[in-house]
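Enquirer: Residue numbers (numbering that gives the first Met the number 0), protein chains in the order written: chain X, 0 to 527; chain E, 0 to 527.
There are 2 protein chains.
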Amino acid sequence: MVRPVCARPLAVAVALLGWLTLSATSLRAQEPRPPEVRFTTEEAFDAAKLPAYAGRHDATYAYIDAHLPEHLEQLRRWVRQPSVSAQNRGILEMANLLAEDLRTLGFKEVALVPTSGYPGVWAYYDAGAKKTLVVYLMYDVQPEETGWSVPAFDGALVDKPLGKLLMARGAVNQKGPERAFLNALQAILDTEGKLPVNLMVAAEGEEELGSPHYREVIDKYEARLRSAEGVFFPMPSQDPSGNVSLPLGVKGILSFELEARGGERGGPTRAEIHSSLKAIVDAPALRLVQALATLTTPDGNTIRVPGYYDAIRSPNLEEQRLVNGAARAFAGREEALRQTLGVARFSEGLAGRDLLSRWLFTTTININGLWSGYSGSGMKTILPHVATARLDSRLVPNQTPDAQLELIRKHLDANGFADVIVRKLAGYPPAQSSVEAPLVQAAIGVFNKYGATPSVAPRLAGSAPYYLFTERLKLPMVAAGLGHGSGAHAPDEYLVIEPKPDSKVAGLAQMEKFYVDLLFALAQAGGR
Amino acid sequence: MVRPVCARPLAVAVALLGWLTLSATSLRAQEPRPPEVRFTTEEAFDAAKLPAYAGRHDATYAYIDAHLPEHLEQLRRWVRQPSVSAQNRGILEMANLLAEDLRTLGFKEVALVPTSGYPGVWAYYDAGAKKTLVVYLMYDVQPEETGWSVPAFDGALVDKPLGKLLMARGAVNQKGPERAFLNALQAILDTEGKLPVNLMVAAEGEEELGSPHYREVIDKYEARLRSAEGVFFPMPSQDPSGNVSLPLGVKGILSFELEARGGERGGPTRAEIHSSLKAIVDAPALRLVQALATLTTPDGNTIRVPGYYDAIRSPNLEEQRLVNGAARAFAGREEALRQTLGVARFSEGLAGRDLLSRWLFTTTININGLWSGYSGSGMKTILPHVATARLDSRLVPNQTPDAQLELIRKHLDANGFADVIVRKLAGYPPAQSSVEAPLVQAAIGVFNKYGATPSVAPRLAGSAPYYLFTERLKLPMVAAGLGHGSGAHAPDEYLVIEPKPDSKVAGLAQMEKFYVDLLFALAQAGGR
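1) Relative to chain E, which residues along the region 187-214 of chain X have a C-beta separation below 9 Å, given in chain order?
2) Go ahead and label X/E35 buried or exposed: buried means 16 or more other beta carbons lie within 10 angstroms of its beta carbon, across all protein chains shown.
3) Expressed to the nearest angstrom, what Euclidean distance is found between the alpha-carbon atoms of X/I302 and E/G482?
4) Grouping DSSP H, G and I as helix and E and B as strand, with all else coil, what is X/H56?
5) Leaving out five residues on either side along the sequence, give the residues of the same chain with a beta carbon under 6 Å from the beta carbon of X/D418.
6) Give the C-beta separation of E/P475 and E/A436 to the nearest angstrom, bearing in mind that I take them to be a contact with Cβ-Cβ under 8 Å.
7) Using alpha carbons as the reference points, say which of E/S454, E/P267, E/R102 and E/G54 lies closest to E/P246.
8) Please confirm whether X/Y52 has its beta-carbon closer than 8 Å to some beta-carbon of chain E.
9) Using only the alpha-carbon positions, how far apart do E/A227 and E/Q185 sit?
10) For the alpha helix (DSSP H) containing X/V385, list its first residue and its last residue.
11) Take E/R458 as the anchor and find which of E/T40, E/I90 and E/L355 has the nearest alpha-carbon.
12) Would you mind telling me which residues of chain A sit closer than 7 Å to X/S346, beta carbon to beta carbon, in chain order?
13) What are the complete alpha helix (DSSP H) segments, minimum 4 residues, inside the region 54-108 of chain E?
14) Smallest Cα separation from X/D309: which of X/I496, X/V230 and X/L394?
15) Report yes or no: is there a C-beta of chain E within less than 8 Å of the C-beta of X/W370?
16) Let me know the secondary structure DSSP gives E/K409 once reduced to three states.
17) Counting only Cβ pairs nearer than 9 Å, list the residues of chain E close to X/Q289.
18) For E/G262, which residues does DSSP report across the bridge?
19) Under a three-way DSSP split, which group does E/M0 fall into?
20) Pull up the CB-CB distance for X/L321 and X/F38, whole angstroms please, since I reckon it's below 8 Å.
21) For a contact defined as C-beta to C-beta under 8 Å, what are the partners of E/N172 on chain X?
22) Using the C-alpha atoms, what's the distance from X/A290 back to E/L336?
23) Of the residues E/D491, E/G262 and E/P118, which one's Cα is nearest the Cα of E/G146?
24) Does the beta-carbon of E/R55 have 16 or more other beta-carbons within 10 angstroms, so that it is buried, or is it exposed?
25) E/G261 CB to nearest chain X CB: under 8 Å?
26) For chain X, check one thing: does any of its Cβ atoms lie closer than 8 Å to the Cβ of E/S275?
27) Can you pull the chain X residues whose beta carbon is under 7 Å from the beta carbon of E/G341, in chain order?
28) Starting from X/D158 and walking both ways along the beta strand (DSSP E), at which residues does that stretch end?
29) Taking C-alpha atoms, which residue in X/A441, X/R408, X/I63 and X/G461 lies nearest to X/E256?
30) Going by DSSP, what residue range makes up the alpha helix (DSSP H) through X/M510?
31) With a floor of 4 residues, list each alpha helix (DSSP H) that falls wholly inside the region 158-197 of chain X, ordered by position along the chain.
32) Taking only beta-carbon atoms, is E/L424 less than 8 Å away from chain X?
33) Is it buried or exposed, E/A413, if we count other Cβ atoms within 10 angstroms and call 16 or more buried?
34) Hey, would you say E/N323 sits closer than 8 Å to X/S274, going by beta carbons?
35) Below 8 Å between beta carbons: does that hold for E/V78 and E/F152?
36) Find the nearest neighbour of E/A85 within the set E/P142, E/R75 and E/V112, judged by alpha-carbon distance.
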């Protein structure tokens, strides 16, 4: 649901960064105002200035090239096992398949971790190394939707303008890159005998449900996890042109519903009634729109809930430098982004660094869905007894879901909307890693080795529950890799296996070599 | 769709009447205020004071009693012929069946009337009488919904606490009473040789679609129709206890949609986008709720569109007297009405005559349906590209749909919502007949004869396109009769055929005798 990969189809978008300085005076005024943007440095971070990773692991690379057909079959074996968490389809089979593959690789400690939902999978590989890396994996996938041109769970290989693709549910989100990562481990083990770092795998089967029980996996292994250098999530980071984006964090999210119902105050309580009764009976749907309208300015772009912007911290110099760097990479690309999104104009006509700043550093309130009464064809002249809005609010440091929700509740109460129900659905705070973390530096170095210098952003505008790693375990996290895929929650999801010769996109072999290098680079890097 | 019979399940509700005096000052103020209620007379109309119809037509009554089994079979024959206008199911068959039945009765002039939709049926019976009555008939029915306990088109006869019922689609809405009316004509013709008045039948097959082409039938016969005394629509007027309500008019209606879409101003234009983009892209759903919120006060009960109340005329003395009378009949029945509707409290705690006044004499704006984005289970964090609200506004004299819609458009424009689309779906003005009309007086006299003195209201809060008769043809209209049925747009629609012995509800025979008497009473009444 709330997904890091949601931003993947917006590959160009991931390059967007920004910075937003909030003046203390405007934040504490009675009437909230749009946060002001203020930069205190014009320095720009440039990933190209970091040294490229210099290590060479030719035997392992050769092994990968020689075993590529078997490696591809491993990916196909994974996507052929449905594991649809929303439908409880194949979940346990996939958990066991993952556990068995880890055992086969040589992980001595492998266990299914019971949770209140589907089990997690824990595994530990002891290389006797100084450094330990946590690998986050998800073994569930989205349900199959209509519109597929191949069976979603067949592991089809198709030829397209981008090259030879694996087209299947899970191809890119996330079985393809995950199994490619395990292929890389196999290649190292078969050529070097052991891994350069110890590995802790902490997997879940409910990522597509919003990771509701993943914290129970963390709970069980917290002390051991804290000893690691960082957390890695295998993720193809290239857009179709080969450009790489490396966001170092995510926004948090608050998902909630507002609902107006008939009750003691008035309105029909049991069911819809004939709309001729509006003259003497209150209408919950009119009530809901009134409550919703108080949340924002008429353009919908400034939040009028008192204090909603107060918790937002000022940006640090690192974040400013990252945004300045990203703004240079983004220069002149507004039009392409607008065309990708089908948007004629960005809010308030924003462009350049202002656009990036607003995107990455502003909290939002947005309606995901709105429903009441009759929405079919023709007319049904009714007065509905209930009206509901599902909303999300994207959170930036240091906002937290519960504090923001409490502000909304207080605001509604203060404006006479105590009768409007506020229902929390889900939420977690933002997460962020420093570009100075050795794991991040190692990843950038490996990208540079392959001529794929990333555009580094302090965060994505999207959300994922990475706070469990960055805020709770205090570990840096990197979700990255070479390779390209798309269609995460859409028909014809794909991962490029063998790109066209003139492409800058990495194929499966190069994806695996990136993972090989990353483990060695981390082993050589300084401590965190 | 917008149906006079919608108010039938609210039998107690139909007894509610009211009167609302609008001060000219408040109407013309910049900020609209709730219309004030002011009565200039406390006189109350009492239908019991009108003389009961004294005529006796014993031979015809005896004929009805003797032929009741065949008469019931005629009703069953009609309901067994499906005529679902929404599904184009059996429409032409039913039009021909109606035309053929009219020919069989002795109507010399019978014709299907082509329209832009389904044909109307025109028929004329020349009795050589001084007076002519127009009979409005609808030959279509609602679609069959789930939940029926008998086949909807079988003409089932079932025994229930109310007595023996005809349970079928169309039993009450409107084939049952309509064919009972034709049975009454047959009884007169077979006993008296001719009818006491000339009859013009002007039927349509699109009532359940909102009568979109009925005006084309009126167009064709306008001059002849204008020569009539009034218009009659056979309708069982008793509630389950036998009480009779006689509303003399209907509110008008304006059905329309407000829609916000992404466009030049901003927002996604092609499809939903990921909600993380809210930070830089306008949200049509937030825009829609802002526009909707400007239409009313926060409680949803006072319309803030400038001028929206201006066209409403002051009530005349007749209307005041009718409401005063209805208020006496309504005394102490608020609780029963609230329970019927499932409403804990009427708007602003209204009760008694104030409640009736507000109900019948206030214009409304109401949301019938509201939809945007994702409303399924789970979460989908999207920014929808379109948000739509379907609304209706009930109109009272002298409001007209187009003028009211123009006020809404102007209001939105003036408040910066020119981007919000206003789409008219349907509409027609209110309709009303005077209690002094000979046709109305005749109907009340016949009700009185049977000890079923009606509670007379100046109108229903519901809507029907009766303006075609009352405003365009300047003819009074009566929709009335003895008898009881319910479930017009619901499963197990029924008409009472043979009530339990202790019931005040009329059965089929008495329904038909009412129609017989009404025709003779009209023939004897003064001219309009």
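Think of the CB as a built atom: it goes at the ideal place given N, C-alpha and C, for glycine as much as any other residue.
Expert: Let me lay it out:
1) L208 and G209
2) exposed
3) 58 Å
4) coil
5) R264
6) 4 Å
7) E/S454
8) no
9) 21 Å
10) Element bounds for X/V385: not the alpha helix (DSSP H) but the beta strand (DSSP E), V385 to L394.
11) E/L355
12) Although the question refers to chain A, the structure presented lacks it and instead comprises the protein chains X and E.
13) 57-65, 67-79 and 90-104
14) X/L394
15) yes
16) helix
17) V288, L291, A292, T295, T296, P297, D298 and G299
18) E/G265
19) For E/M0, the predicted structure reports a pLDDT of 33, less than 50, and the residue's modelled location is therefore unreliable. A value from the coordinates is still provided. It is coil, neither helix nor strand.
20) With 8 Å as the limit, X/L321 and X/F38 do not qualify as a contact, their Cβ atoms being about 12 Å apart.
21) Per Cβ cutoff of 8 Å: no residues; E/N172 is ~14 Å from chain X at best.
22) 29 Å
23) E/D491
24) exposed
25) yes
26) yes
27) P267, T268, R269 and A270
28) A155 to K159
29) X/R408
30) L507 to Q523
31) 174-191
32) yes
33) exposed
34) no
35) yes
36) E/P142
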